[in-house]
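Novice: Taken in order, these protein sequences are the chains called Z and P.
Throughout the first sequence, residue numbering follows my numbering, covering 1 to 198 in sequence.
Throughout the second sequence, residue numbering follows my numbering, covering 199 to 396 in sequence.
Protein chains: 2
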Amino acid sequence: MSSPPDHARHLAETVERLARLVRAREHESALNPAQWEALRYLARCNRFSNTPGALTRYLAATKGTVSQTLIALERKGLVRKEPDPASGRSVRLFLTETGERLLADDPLGLLAEAAATLAGPMLAGTATGLGMLLAATIARNGGRPFGVCRTCRFFRPEAPEGAPHFCGLLLVPLSERDSLSICQEHEPPQEPCEHEAA
Amino acid sequence: MSSPPDHARHLAETVERLARLVRAREHESALNPAQWEALRYLARCNRFSNTPGALTRYLAATKGTVSQTLIALERKGLVRKEPDPASGRSVRLFLTETGERLLADDPLGLLAEAAATLAGPMLAGTATGLGMLLAATIARNGGRPFGVCRTCRFFRPEAPEGAPHFCGLLLVPLSERDSLSICQEHEPPQEPCEHEAA
DNA sequence: CCCATAATGTATCGACTCGATACTATTTGC
DNA sequence: GCAAATAGTATCGAGTCGATACATTATGGG
């Protein structure tokens with residue numbers, strides 16, 4: 001009873017241990033884990049996704065918790081809030097200069113550096129496997145994938161007016177940088193027919 | 199500046215996101231993340247490693263924090279403490295029946311189930327890559343690896359007296375089950391010569 | 001044998017996370 | 001308009017976590 005399914009279990013435990021090591025690092029740094037995760041998200045998300053609500057869904061947390069974290073980040077001068085010009089009940093979040101600079105000290109770099117020591121094909125294969133694992137986990141969990149714009153089913157590489165790209169859901173043009181950012185509206189392209197039945 | 203090293207960064211962020219999803223699950227369950235991690239460790243560690251101190255090093259936490267978590271687990275009737283017969287200042291930790299049973303509800307199963315949907319070779323490859331990543335991270339961090347007994351440089355498959363195996367460090371016989379458990383004394387076998395120089 | 005030192009673990013405190021609940025302020029829809 | 005939904009905040013209690021201080025038990029000289 002310990003041969004093949006244990007691979008899956010072992011993989012899960014390894015993910016947990018890696019994350020725990022990063023968390024330990026984060027606790028020693030200027031920011032705590034929750035704040036680092038918010039900072040990272042705001043650095044990677046696009047202009048349709050930089051709100052407290054989107055961050056809440058990304059982190060699978062509650063509104064109140066995220067609100068607290070954002071207050072702390074604002075107090076430290078790393079994040080700036082601006083009222084949304086289009087919606088009076090919404091808020092837009094931006095990294096300050098200080099916030100951008102602080103990302104160079106991200107304790108997650110510990111993991112990234114370790115990953116960079118892996119051989120090229122091993123790194124690529126592991127990244128692919130983990131990506132599939134994340135997709136499967138999110139699907140199983142009912143959450144939103146928060147994928148990169150380029151990989152969305154609504155992404156159109158060619159814009160009508162000559163802009164680089166286009167979003168078929170929000171019906172707006174997209175810059176090159178937009179297309180590489182995380183979007184809360186992301187939906188994966190429907191695969192032909194994979195392991196989708198079970 | 200965004201092609202190859204970004205793979206490493208992306209892999210690191212994926213690990214973080216997977217761990218966060220599990221943590222969200224854990225917060226909804228009977229135990230919180232710290233308690234689950236302790237419970238998991240105690241279920242997997244061998245009889246030389248079931249102490250608060252070993253758990254502290256495994257989790258890369260502090261003595262006080264772990265002590266708190268253990269008090270909570272004891273209060274919930276999931277963990278039992280016994281004085282170490284060999285050392286008056288040490289304590290041995292054991293899962294209770296309830297604790298063992300509770301592991302069936304481990305929220306980490308969410309990840310394990312998702313992993314089980316991956317194709318066999320993809321799963322194996324990803325697990326291998328993550329294992330190497332964990333080893334590299336720990337080495338870079340100066341911590342102990344807490345590997346499985348069998349994979350230790352002190353592990354001797356053949357015992358002198360006919361017992362299944364033997365530990366060349368602690369000089370004690372090892373059962374089959376021992377050899378599959380996590381040990382705080384674990385040291386990886388010295389590789390011939392890999393990427394060890396840099 | 002005794003005392004300094006180290007190691008194992010606990011107790012306590014303050015800062016913070018986190019979920020839950022209640023609340024305000026907008027927006028939407030009928 | 002006005003009820004209902006949505007975005008966000010405020011507050012509270014339980015619990016994590018590190019830091020510090022402490023008690024107890026080895027360990028290692030002199």
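Quick reminder that beta carbons are idealized off the backbone N, C-alpha and C, glycines included.
Note that this is a predicted model, so its numbers are computed, not measured.
Nearest-angstrom Cα distance between P:Leu372 and P:His363?
Specialist: Cα to Cα, the separation comes out at about 5 Å.
Novice: To the nearest angstrom, how far is the alpha carbon of Z:Leu111 from that of Z:Ser87?
Specialist: If you take the alpha carbons of Z:Leu111 and Z:Ser87, they lie about 39 Å apart.
Novice: Suppose the cutoff is 6 Å on Cβ atoms and the five residues either side in sequence are ignored; what does the same chain contact list for Z:Lys63 look like?
Specialist: Excluding residues within five positions, the ones whose Cβ falls inside 6 Å are Thr56.
Novice: Considering only C-alpha positions, which residue in the set Z:Val91, Z:Ala12 and Z:Leu21 is nearest to Z:Arg47?
Specialist: Closest option to Z:Arg47, Cα to Cα, is Z:Val91.
Novice: Does DSSP classify Z:Glu187 as helix, strand or coil?
Specialist: Looking at Z:Glu187 - three-state DSSP - the assignment turns out to be coil, as it is neither helix nor strand.
Novice: Quick check: what's the CA-CA separation for P:Cys350 versus Z:Ala119?
Specialist: Each residue's alpha carbon lies about 23 Å from the other.
Novice: Determine, for Z:Leu108, whether the minimum Cβ-Cβ distance to residues of chain P falls below 9 Å.
Specialist: At least one chain P Cβ lies under 9 Å of Z:Leu108.
Novice: Classify P:Ser201: buried if its beta carbon has 16 or more other beta carbons within 10 angstroms, exposed otherwise.
Specialist: For P:Ser201, the pLDDT reaches just 40, beneath the cut-off of 50, and the residue's location in the model is therefore unreliable, although a value from the coordinates is still provided. Exposed.
Novice: Helix, strand or coil for P:Cys243? Go by DSSP, reduced to three states.
Specialist: Looking at P:Cys243 - three-state DSSP - the assignment turns out to be strand.
Novice: Relative to chain P, which residues along the region 116 to 130 of chain Z have a C-beta separation below 9 Å, given in chain order?
Specialist: Flagged, chain order: Ala116, Thr117, Leu118, Ala119, Gly120, Met122, Leu123, Ala124, Gly125, Thr126, Ala127, Thr128, Gly129 and Leu130.
Novice: Check whether chain P comes within 9 Å of Z:Thr151, counting only Cβ atoms and requiring the distance to be less than that.
Specialist: Chain P contact via Cβ: absent.
Novice: Just how far apart, CA to CA, sit Z:Glu113 and P:Ala206?
Specialist: Cα to Cα, Z:Glu113 sits roughly 7 Å from P:Ala206.
Novice: Using CA atoms only, rank isn't needed, just tell me which of Z:Ser179, Z:Gln184 and Z:Gln35 is closest to Z:Arg144.
Specialist: Of the listed residues, the one whose Cα sits closest to Z:Arg144 is Z:Gln184.
Novice: Does the Cβ of P:Val213 have 16 or more other Cβ atoms within 10 Å, making it buried, or fewer, making it exposed?
Specialist: Buried, since its Cβ has 16 or more Cβ neighbours within 10 Å.
Novice: Tell me the DSSP secondary structure of P:Arg351 in three-state form.
Specialist: If DSSP states are grouped into helix, strand and coil, P:Arg351 belongs with coil.
Novice: Measure the Cβ-Cβ separation of Z:Ser72 and Z:Gln35 and say whether it is below 9 Å.
Specialist: For the record, residue 72 of chain Z in the displayed sequence is Ala; it is not Ser. Their beta carbons are under 9 Å apart, which means Z:Ala72 touches Z:Gln35 by this criterion.
Novice: Could you check where the beta strand (DSSP E) with P:Pro281 kicks off and where it finishes?
Specialist: Taken as a continuous stretch (DSSP letters only), the beta strand (DSSP E) holding P:Pro281 covers Val277 to Pro281.
Novice: How long is the line joining the alpha carbons of P:Lys274 and P:Phe353, rounded to whole angstroms?
Specialist: Straight-line Cα distance between these residues: approximately 36 Å.
Novice: Whose Cβ in chain P lies nearer than 8 Å to the Cβ of Z:Glu37?
Specialist: The contacting residues are Glu214 and Arg218.
Novice: Would DSSP call P:Leu257 helix, strand or coil?
Specialist: Helix.
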